[in-house]
Amino acid sequence: MSSHGKPKKHGKDFIKDFLVGGVSAAVSKTAVAPIERIKILLQVQDISQQIAADKKYKGIVDCFVRVCREQGPITLWRGNLVNVIRYFPTQALNFAFKDTFRKYLCPFDPKKEMGKFFLGSLASGGAAGATSLPFVYPLDFSRTRLAADVGKAKHEREFTGLGNCLATIFKKDGLLGLYRGFSVSVVGIIVYRACYFGGYDFGKQYLFKDFRNANALFLFLFAEVNTTLSGLASYPLDTVRRRLMMQSGRAKRAYTGTFDCMSKIYAEKGLRAFYKGALSNVFRGTGGALVLVLYEKIQKFFLQKH
């Protein structure tokens, strides 16, 4: 009997983590969707076929004002439904896999083996992100292309929705088109998730005596700093992958691959070119911080209930 009890418990824990992580993510991503779209527009406008050279956005404020004026305020949430659909399994799988990997990669006592615990936390967070990515990458791809679409009227739009985007790109470029930029995305997600989950797990052990009962405001502020730094660490790779995504379905391509893309972006304005829209990450990081805090609080609720 005991031999069957343990796997069953692990299965229940996995499902619980999947649901708790997904719900937390769906709420937070909708809240910061306008910031996310502005960030993407600033990242990809130099390769967009819809944005002329003299019509490029000058920064976050200019982009926000012009999108509201030219496309309508509601379009700030363009692509958000796909993001929620994508983010639910992405974040939920990340949390679920993270805890699974942590059992094997981070079995260390945080008080006695601080260094090993820190490295184990980074490894489990990075492994979780890399494991989840292949399942949801086409949705991530579609989210980028829909958010980058600046057409106002239906006939001006590049894609009418998620299904149309997937079908159009698949028809032109096959499955490869939906996975363009995947390799650099794997590296980027490992960097981001390692910092995001690893930094959070490590920090909460040393900054909070009892993190489940910690003050929500302090927990949020810590999560905000952690999320922002994680985003900045992986931002150059995020810019590269989104530029590569924009090439799918196009007859002419600006980049031959990841390294060619990196060298051409660097040729624009040096390292600054990789960080276009990065300031929005500070505001966008609020969503990631909310996910972490909501996850802890919802888990606490379930633990008290059961």
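Note that the UniProt record's numbering numbers the sequence shown so that position 131 is 131, with each residue one more than the last.
By construction, the Cβ of each residue, glycine as well, lies at the ideal position given by its N, Cα and C atoms.
Remember, predicted model here, so these are calculated numbers, not experimental data.
| So G151 packs on R157, CB below 8 Å; how close in whole Å? | Taking the sequence shown and counting its residues from 1, the one referred to as residue 151 is at position 151. Taking the sequence shown and counting its residues from 1, the one referred to as residue 157 is at position 157. Contact flag correct, Cβ pair sits at about 4 Å.
| task | Reducing DSSP to helix, strand and coil, say where I298 ends up. | result | As a working note, residue 298 is residue 298 in the sequence shown. Correct three-state label for I298: helix.
| request: Rounded to whole angstroms, what's the CA-CA distance from R66 to A52? Just pull it up for me. | output: For the purposes of this step, residue 66 is identified with residue 66 of the sequence shown, where counting begins at 1. For the purposes of this step, residue 52 is identified with residue 52 of the sequence shown, where counting begins at 1. Near 14 Å, if we compare the C-alpha coordinates of A52 and R66.
| task | Could you tell me whether the Cβ atoms of A254 and R243 are closer together than 9 Å? | result | Counted from its first residue, the sequence shown places residue 254 at position 254. Counted from its first residue, the sequence shown places residue 243 at position 243. For A254 and R243, yes; Cβs fall inside 9 Å.
| said: With DSSP as the reference, identify every bridge partner of L271, one or two as the case may be. | reply: Position 271 of the sequence shown holds residue 271. DSSP output for L271 lists K269 as bridge partner(s).
| DSSP three-state call for Y192: helix, strand or coil? | The count along the sequence shown starts at 1 and reaches residue 192 at position 192. Residue state, collapsed to three classes: helix.
| query | For residue 307, which residues from the same chain have a beta carbon less than 6 Å from its beta carbon, with the 5 sequence-adjacent residues on both sides left out? | reply | What is shown of the chain runs 1 to 306, which leaves residue 307 out entirely.
| query | Short check: CB of A130 to CB of V20, under 9 Å? | reply | For the purposes of this step, residue 130 is taken as residue 130 along the sequence shown, with counting starting at 1. For the purposes of this step, residue 20 is taken as residue 20 along the sequence shown, with counting starting at 1. No. Outside cutoff.
| When the Cα atoms are used, what is the spatial distance from P89 to A153? | Walking along the sequence shown from the start, residue 89 turns up at place 89. Walking along the sequence shown from the start, residue 153 turns up at place 153. About 31 Å.
| task | Given a cut-off of 9 Å, decide if T239 and N281 are closer than it, judged by their beta-carbon atoms. | result | Taking the sequence shown and counting its residues from 1, the one referred to as residue 281 is at position 281. Taking the sequence shown and counting its residues from 1, the one referred to as residue 239 is at position 239. No, these two residues do not count as a Cβ contact at 9 Å.
| said: Can you look up G177 in the DSSP assignment and give me helix, strand or coil? | reply: Locating residue 177 in the sequence shown gives position 177, where the first residue counts as 1. If DSSP states are grouped into helix, strand and coil, G177 belongs with the helices.
| query | Which of helix, strand or coil does DSSP assign to G163? | reply | Position 163 of the sequence shown, counted from the start, is the residue given in the question as residue 163. Helix, per DSSP.
| Does Y295 get closer than 9 Å to chain D when you measure Cβ to Cβ? | Within the model displayed, chain D is absent; a lone protein chain is all it includes.
| message | Give me, in chain order, the residues of the same chain whose beta-carbon lies closer than 7 Å to that of D62; leave out the 5 immediate sequence neighbours on both sides. | response | Here residue 62 corresponds to residue number 62 of the sequence shown, with the count starting at 1. So the list is empty, once near-sequence residues are dropped.
| said: Excluding the 5 residues flanking S185 on each side, which residues of the same chain have their C-beta closer than 8 Å to its C-beta? | reply: Counted from its first residue, the sequence shown places residue 185 at position 185. For S185, where only same-chain residues beyond five positions count, the Cβ hits under 8 Å are L133, Y137, D140, L237, R241.
| When DSSP labels each residue in this structure, what does N94 get in the three-state scheme? | As a position in the sequence shown, residue 94 is number 94, starting the count at 1. The answer is helix: DSSP assigns N94 an H, G or I state.
| request: Leaving aside the five residues before and after I40 along the sequence, list all residues of the same chain whose C-beta is less than 7 Å from its C-beta, in chain order. | output: The sequence position of residue 40 within the sequence shown is 40, counting from 1. Counting only Cβ-Cβ distances below 7 Å, and skipping sequence neighbours, we find T144, A147, A148, R242.
| message | At the level of alpha carbons, what is the spacing between E268 and K56? | response | Counting from one through the sequence shown, the residue named residue 268 turns up at place 268. Counting from one through the sequence shown, the residue named residue 56 turns up at place 56. Between E268 and K56, the C-alpha separation is close to 15 Å.
| Smallest Cα separation from I60: which of V293, L290, R284, Y192? | To locate residue 60, count along the sequence shown from 1; it is residue 60. Nearest of V293, L290, R284, Y192 to I60, Cα basis: R284.
| task | Take the Cβ of L105 as the centre, count every other Cβ of all protein chains shown within 10 Å, and call the residue buried at 16 or more, exposed below. | result | As a working note, residue 105 is residue 105 in the sequence shown. Buried, because 16 or more other Cβ atoms sit within 10 Å of the Cβ of L105.
| Buried/exposed call for A167, threshold 16 Cβ in 10 Å | Along the sequence shown, one-based indexing puts residue 167 at 167. Under this definition A167 is an exposed residue.
| Buried or exposed by the 16-neighbour rule on C-beta atoms within 10 Å, applied to I35 | The residue labelled residue 35 in the question sits at position 35 within the sequence shown. I35 comes out buried.
| Would DSSP call A148 helix, strand or coil? | Against the sequence shown, residue 148 aligns to sequence position 148. Coil at A148, not helix or strand.
| said: Within a Cβ cutoff of 6 Å, which residues of the same chain sit near A33, ignoring the five residues on either side of it in sequence? | reply: Looking up residue 33 in the sequence shown gives position 33. The answer, listed in chain order, is W77, N80.
| Euclidean distance between Cα positions of L279 and A216 | As a working mapping, residue 279 is identified with position 279 in the sequence shown. As a working mapping, residue 216 is identified with position 216 in the sequence shown. Distance between the alpha carbons of L279 and A216: 25 Å.
| With DSSP run on the structure shown, which of helix, strand or coil describes P134? | The residue you call residue 134 lines up with position 134 of the sequence shown. In the structure shown, P134 sits in a helix (DSSP, three-state: H, G or I).
| task | Answer yes or no: do V82 and M246 have a C-beta to C-beta separation smaller than 9 Å? | result | The sequence position of residue 82 within the sequence shown is 82, counting from 1. The sequence position of residue 246 within the sequence shown is 246, counting from 1. It is not a contact, given that the beta carbons lie outside the stated cut-off.
| In terms of residues, what are the limits of the alpha helix (DSSP H) holding D46? | Here residue 46 is taken as the residue at index 46 of the sequence shown, counted from 1. Unbroken run through D46: none, as it is neither H nor E.
| message | For residue 309 and L294, I'd like the C-alpha separation in whole angstroms. | response | Outside the displayed span of the chain (1 to 306) sits residue 309, for which this structure offers no information.
| query | Apart from the five residues on each side of it in sequence, which residues of its chain come closer than 7 Å, Cβ to Cβ, to G188? | reply | By 1-based counting over the sequence shown, the position of residue 188 is 188. Contacts found: S234, L237, D238, R241.
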